[in-house]
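Down below is the structure, laid out as structure tokens.
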Amino acid sequence: MIKVLIADDQEMIRSSLEIILSCEDDLDVKGVAKNGVEVLEFLEREPIDIILMDIRMPVMDGVLCTKKVKKRWPQTKVIILTTFDDDDFVFSALQYGASGYLLKAGDLDTLHHAIQTVYSGGAMINPGIARKVVDLFSQRQNTPIIQVEEESVNSLSELEWDVVYEIGHGFSNKEIAKNLYLSEGTVRNYLSRILSKLHLRDRTQVAIWAVENGYIGRRS
């Protein structure tokens, strides 16, 4: 069972998500919180696998809470729930370690799939947000979020570059395996090597780095 915590300052959203997600056989909704402070207090009492985190909350917003969660409980995954006009928060939330970035208006099947994907080590970003992130990165070329040493970049093999390309386009391990005619286990091994070579924390950072530097257009 995937242990889930829902954090949103709107009671209707908290209650609706709690009721709906509790009906899924593989999910165990452990509780709800209305701000980042309550999230941290909850984690002090009980471990959680996935936090569904509203990005705009009073007392402590989702960005700062994500930073604190990932620093103290690095194994806990965060999926940010947002509206489409939260540009100022996109970069910080991803930089601090959020594994997912979804629109609140999205369908529940997508949310359930995102929880499963993030729990298994993947990343999930809404396609509309992904396109917006690409545009925003292109406007901020002089202020890169993710920096990697040139020597580390040059150490990537051609197949590792192909995996970077796929990650930069938001594909899951399963999709990458299909696209590159590899097994999922092989993809996971390549991802581990990429993270080790680039000294990055997770696939989300790889995706940000790839988009920032224009590597999503590269093919071997």
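Counting in UniProt numbering, the sequence shown runs from 1 upward without gaps.
Built from N, CA and C at the ideal position, the CB exists for glycine as well.
These numbers come from a predicted model, not from an experiment.
- Taken atom to atom, the span from the alpha-carbon of Leu156 to that of Thr204 is near 18 Å.
- With respect to the 7 Å criterion, Lys77 and Val37 are not classified as neighbours on the basis of their beta carbons.
- By the neighbour-count criterion, in which 16 or more other beta carbons inside 10 Å mark a residue as buried, Thr82 falls on the buried side.
- Pairwise C-beta distances place the stretch 41-48 out of contact with the stretch 103-119, as fewer than three of them are shorter than 8 Å.
- In the three-state reduction of the DSSP assignment, Met60 falls in the coil class.
- Per DSSP, Gly31 is one residue of the beta strand (DSSP E) stretching across 27-33.
- With a contact defined as Cβ atoms closer than 8 Å, Tyr181 and Leu159 miss out at about 11 Å.
- Per DSSP, the unbroken beta strand (DSSP E) holding Val78 starts and ends at 77-82.
- Beta-bridge partners assigned by DSSP to Val4: Val29, Ile50.
- Note that the C-beta distance between Val29 and Val4 is below 7 Å.
- Asp54 and Ile19 have their C-alpha atoms spaced approximately 17 Å apart.
- Beta-bridge analysis with DSSP links Tyr101 to Ile80, Ile125.
- In the three-state scheme derived from DSSP, where H, G and I count as helix and E and B as strand, Leu200 is classed as coil.
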